[in-house]
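Undergrad:
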Amino acid sequence: MKLSGAKAIVEALKREKVEVIFGIPGGSTIPFYDALYESDIRHVLARHEQCAAHMADGYARVKGVPGVCTATSGPGATNLVTGIAVAYMDSSPIIAITGQVPRSMIGKDAFQEADIVGITTPITKYAFQVTSASQIPDAIRTAFLLASTNRKGPVLVDVPKDVQLEEVDLDYPEKMMIKGYVVRSGDPHPYSIKKALGLIMSSERPLIIAGGGVIASNASEELIKFAELIMAPVATTLMGKGSIPENHLLSLGMVGMHGRGEANKAVEETDLIIAVGMRFGDRTTGKLDEFARNSKIIHIDIDPAEIGKNIRVDVPIVADAKKALSVLNSKLIEVGSKRTESEWIKRINSLKELFASNYAEKGDGLKPSRLMKILRDCIPAKSIITTGVGQNQMWAALHFKALEPRTFITSGGLGAMGFGLPAAIGAKVASPDRPVFNIDGDGSFLMTEQDLATAVSEGLPVVSIILKNRVLGMVRQWQCLFCNRRYAHTDLGNVPDFVKLTEAYGAEGVKIESYESFESAVKKSLKAEMPVVMEVPISPDEKVLPMVPPGKGLKEVIWYG
Amino acid sequence: MHIIAALVEDRPGVMFKVTSLIRRRGFNIDTITVGSTEKEGVSRITMTVRGDESVVEQLVKQLSKIPDIMKISELKPSDSVYRELAMIKVSAPDPAKRSDILNYITIFRGRVIDASKDSLTIEMVGSPKKINAFLDLMKGFGIVELARTGIVALSRGSKSTSE
Ligand SMILES: Cc1ncc(C[n+]2csc(CCOP(=O)(O)OP(=O)(O)O)c2C)c(N)n1
Ligand SMILES: [Mg+2]
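Chain order of the listed sequences is A and B. Sequential numbering from 54 applies to the first sequence in the numbering used here. Sequential numbering from 3 applies to the second sequence in the numbering used here.
Below is the structure:
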């Protein structure tokens, strides 16, 4: 088949069943866009390439298939960087296709030349340049295979403009270009399963910590079954939220720096941690030397390099979470797992009761925790939440109960402000029938606010709930607790008026003054046909509590600000 | 000292990917070399690292995630042969000292590969230990210039690293 390189890319994307691309065109991608023009792949025109990448990421996390974004060479490509880094830290499969200056000009500091392969190598699973049009089918196949297998992650494909224009005869079927990459079966090794079962059967106080890997491998069902079989409570990392419905009896909520009291206490008291698809990040463990000192650890992860990276484990299981859990489950059923009610579960329940009053809303003004509860009660279980970064994100994580996997989408590893709105747009494109709510901060929202234009142009009714505390709240909280209230440059002021701003985009803005007006605005937004932005006033002194100070053990929790 | 050998696909940018990862994850490598192998399209990277077992294990695991790396393993010094080449230019204007140097070269089984009125350039092949010992001796005479290749290594016996 004779095609231009640009058409070959589009053909390859169709073969990968790509339905939508998020991007912004430019000089080096004009041929690619010309080929897109006559294809039936949907293109969502972002207003900033960072957002195009976050949109692809949000799309990928909701749909469980790679999201695709594109940018032109130079500034377009460098604008993608934050979005790619977010996807890398959270192991989200996105494909970034960038234009590049023509081959003859590479290395000459040509107009809009940037070494994007070099720049993104440390933040991608793989980044490479296509050096002839004949490679394109294999290159795109390779990109999708890399992004979506083993531990998932972003892949960048850089295509010089003259490669897009080159006419070539193409060879199909396409082949994986990289021989050294092995797609692992993900099956657990029987020996490690046996050892794990031994530990599980002899444990009196087992605790499961579920991470983003459970969601990435669609292992929720197996996880819940596993927890029920061994009667172990389940705490999650930030990325693991939604892996077990948070109203499930065995759910403990989030663990870590801003973990729920009962979850962190359970880590202290357990005698066996079964960590599934999580990487013992510092925000989860607190001071490592003090983490789970009295417990053994079983670590299930698809990435062998995660085993032993941060913490010593007793039984490593290098496997896909779904496969490992289902093997464990069937073995447990075979041996007739003994557990029903136990002392441990009673203890867990009493911990939940003990801490319940600590979360009670005190003082004047709208309380984030209460708002999160109202939101949960008003929207369907399948609704998707995205977040900004900062207090807003932690309030959502602590108090919004995620009930299904792939419904809590947040920048966990990188913590990139500005993620919420574009991720919500990507989520809505992935799942137009489900309500999408972006719980955001006033600082975070402004970092990518321009993409309200995208939501309006595309007719995507995403709802942003801006918790307007008029400060860079999370930084201010640290200043309050650890810098003697020296609030260096964290005051945003009452700017902008988000309602007016939203209206300028042709979307709907709502000022919230009370819990009642919040509730009715949320209910009304479920039927919205245009984006909605709610401005919710929060006191600048409101804190995210509990909190484990950085570098401290999970025990050293602060409950009062 | 730990020796790590990697077989990689010979593609532009592979060395960059390897060094980028080493830098990013904060590993310290002493030497790194790359060259062709018996198979077309496959290169061999040999590096030496200092650090405890867990550091080396983590480095190998992280490197093995680079898709271009086809095979990577640690070569235990006891189960492998390894060599380094050094070229040493030594100042030798004084005939008496010159003959001392030539004696040392014979003892260490090196070779003189260039000479001038004032200097000798020596080729020395061996383990890093041997080369270091030789360099210590040469310091007294004045080393004008030194170039070392870093280690290359093969496992002992008939097996190949790629198996
Ligand atoms: C892109 C980026 N810049 C800076 C930071 C550091 N940072 C973390 S939280 C935070 C404050 C966020 O403010 P806002 O979005 O208003 O959220 P709040 O904490 O007030 O809810 C800042 C500046 C960051 N995480 N990301
Ligand atoms: Mg704020």
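Cβ coordinates follow ideal geometry from the N, Cα and C atoms, glycine included.
Return the chain-ordered list of same chain residues with a C-beta closer than 6 Å to the C-beta of Ile-261/A, the five sequence neighbours on each side being excluded.
TA: The residues are Ala-280, Ala-285, Val-287 and Ile-327.
Undergrad: Per DSSP, Tyr-84/B is paired with what?
TA: According to DSSP, which records beta bridges pairwise, Tyr-84/B is partnered with Ala-155/B.
Undergrad: Determine the burial state of Arg-204/A: buried for a count of at least 16 other Cβ atoms within 10 Å of its Cβ, exposed for fewer.
TA: It counts as buried.
Undergrad: Beta-carbon distances below 5 Å to any heavy atom of ligand 2 define the shell here; list its residues in chain order, please.
TA: Listed along the chain, these residues meet the criterion: Gly-494/A, Asp-495/A, Gly-496/A, Asn-522/A and Gly-526/A.
Undergrad: Below 7 Å, is the gap between the Cβ of Leu-520/A and the nearest heavy atom of ligand 3?
TA: Ligand 3 is absent from the structure shown, which contains only ligand 1 and ligand 2.
Undergrad: Pull the bridge partners of Glu-76/B from the DSSP assignment, please.
TA: Partner(s): Ile-6/B.
Undergrad: Would you list, in sequence order, the uninterrupted beta strand (DSSP E) runs of no fewer than 3 residues that lie entirely inside the region 165-253 of chain A?
TA: The qualifying runs are 179-182, 208-213 and 220-222.
Undergrad: With a threshold of 7 Å, establish whether the CB of Val-548/A neighbours any heavy atom of ligand 1.
TA: It does not: the Cβ of Val-548/A is nowhere closer than 7 Å to a heavy atom of ligand 1.
Undergrad: Taking 7 Å as the cut-off, does the CB of Met-470/A come closer than this to any heavy atom belonging to ligand 1?
TA: Correct: Met-470/A has its Cβ closer than 7 Å to ligand 1.
Undergrad: Which stretch, first to last residue, makes up the beta strand (DSSP E) that contains Ala-316/A?
TA: From DSSP, Ala-316/A is part of no beta strand (DSSP E) but of the alpha helix (DSSP H) over 314-322.
Undergrad: Does ligand 1 have even one heavy atom less than 7 Å from the beta-carbon of Gly-33/A?
TA: This structure cannot speak to residue 33/A, because chain A is shown only from 54 to 614.
Undergrad: State the DSSP-derived secondary structure class of Lys-67/B, mapped to helix, strand or coil.
TA: Coil at Lys-67/B, not helix or strand.
Undergrad: Where Glu-554/A and Gln-103/A are concerned, what is the direct C-alpha to C-alpha distance, given to the nearest angstrom?
TA: Note on residue identity: the sequence assigns Leu, not Glu, to residue 554/A. Cα to Cα, the separation comes out at about 21 Å.
Undergrad: Who are the Cβ neighbours of Ser-157/B in its own chain at under 7 Å, not counting the five residues just before and after it?
TA: So the qualifying residues of the chain are Leu-77, Asp-81, Ser-82 and Thr-163.
Undergrad: In chain order, what residues of the same chain lie with their CB nearer than 7 Å to the CB of Ala-143/B, ignoring the 5 residues before and after it?
TA: The sequence given here has Phe at residue 143/B, not Ala. If we look at Phe-143/B and ignore the five residues flanking it on each side, its Cβ neighbours are Val-92, Ser-93, Ala-94, Lys-99 and Ile-103.
Undergrad: Please name the residue in Ser-573/A, Tyr-244/A, Glu-275/A and Thr-290/A whose C-alpha comes closest to that of Ala-263/A.
TA: Checking every option, the nearest Cα to that of Ala-263/A belongs to Thr-290/A.
Undergrad: Anything in chain A within Cβ reach of Pro-69/B, meaning under 7 Å, just list it in chain order.
TA: In chain order: Tyr-179, Leu-199, Ile-231, Gly-233 and Tyr-234.
Undergrad: Considering just the uninterrupted stretch of the beta strand (DSSP E) at Pro-421/A, what are its terminal residues?
TA: First-last for Pro-421/A: 421-431, but that is the alpha helix (DSSP H), not the beta strand (DSSP E).
Undergrad: Name the residue from Glu-86/B, Phe-136/B, Arg-111/B and Thr-48/B whose alpha carbon lies nearest to the alpha carbon of Thr-151/B.
TA: Checking every option, the nearest Cα to that of Thr-151/B belongs to Glu-86/B.
Undergrad: So the candidates are Ile-169/A, Leu-451/A and Gly-494/A; which of them puts its Cα closest to the Cα of Gly-306/A?
TA: Measuring from the Cα of Gly-306/A, the nearest candidate turns out to be Leu-451/A.
Undergrad: State yes or no: is the C-beta of Ile-94/A within less than 8 Å of the C-beta of Ile-77/A?
TA: No. Outside cutoff.
Undergrad: Among the residues of its own chain, which have a CB less than 6 Å from the CB of Val-610/A, if the five just before and after it don't count?
TA: So the list reads Pro-599 and Val-601, once near-sequence residues are dropped.
Undergrad: Does any CB atom of chain A fall closer than 8 Å to the CB of Gly-152/B?
TA: It does not: the Cβ of Gly-152/B has no partner Cβ on chain A nearer than 8 Å.
Undergrad: Give the range of the beta strand (DSSP E) segment to which Ile-148/A is assigned.
TA: Where Ile-148/A is concerned, the enclosing beta strand (DSSP E) stretches over 147-153.
Undergrad: Quick check on Pro-128/A: does DSSP put it in helix, strand or coil?
TA: In the structure shown, Pro-128/A sits in a helix (DSSP, three-state: H, G or I).
Undergrad: Is there a C-beta anywhere in chain B that falls below 8 Å from the one on Ala-358/A?
TA: It does; some Cβ of chain B falls within 8 Å.
Undergrad: State buried or exposed for Asp-70/B, treating a residue as buried only when at least 16 other CB atoms are found within 10 Å of its CB.
TA: Per the 10 Å Cβ criterion, buried.
Undergrad: Can you list, in chain order, the residues of its chain whose CB lies under 7 Å from that of Val-380/A, leaving out five sequence neighbours each side?
TA: Answer for Val-380/A: Pro-241 and Ile-246, listed in chain order.
Undergrad: Identify the contact partners of Gly-76/A in chain B, using a Cβ-Cβ distance below 8 Å as the criterion.
TA: Within 8 Å Cβ-Cβ: nothing; Gly-76/A doesn't reach chain B, min ~24 Å.
Undergrad: With distances taken from CA atoms, which of Glu-299/A, Gly-443/A and Leu-282/A is nearest Gly-494/A?
TA: Checked all of Glu-299/A, Gly-443/A and Leu-282/A; the closest Cα to Gly-494/A is Gly-443/A.
Undergrad: Ignore the nearest five residues each way along the sequence and tell me which others in Gln-182/A's own chain have a CB closer than 6 Å to its CB.
TA: The residues are Val-170 and Asp-211.
Undergrad: Beta carbons nearer than 7 Å to chain B: which residues of the region 334-353 of chain A have them?
TA: The residues in question: there are none.
Undergrad: Please check if any C-beta of chain B sits within less than 8 Å of the C-beta of Ile-361/A.
TA: Checking the sequence, you will find Gly at residue 361/A rather than Ile. So, interface residue.
Undergrad: I'd like to know whether the C-beta atoms of Gly-614/A and Leu-545/A end up nearer to each other than 8 Å.
TA: Their beta carbons are not under 8 Å apart, which means Gly-614/A does not touch Leu-545/A by this criterion.
Undergrad: At least one CB of chain B closer than 8 Å to the CB of Val-170/A: is that the case?
TA: Taking Cβ atoms only, chain B reaches closer than 8 Å to Val-170/A, which makes this a yes.
Undergrad: Alpha carbon to alpha carbon, how far is Leu-23/B from Met-583/A? Give it in angstroms, no decimals.
TA: Met-583/A and Leu-23/B: Cα-Cα distance of roughly 45 Å.
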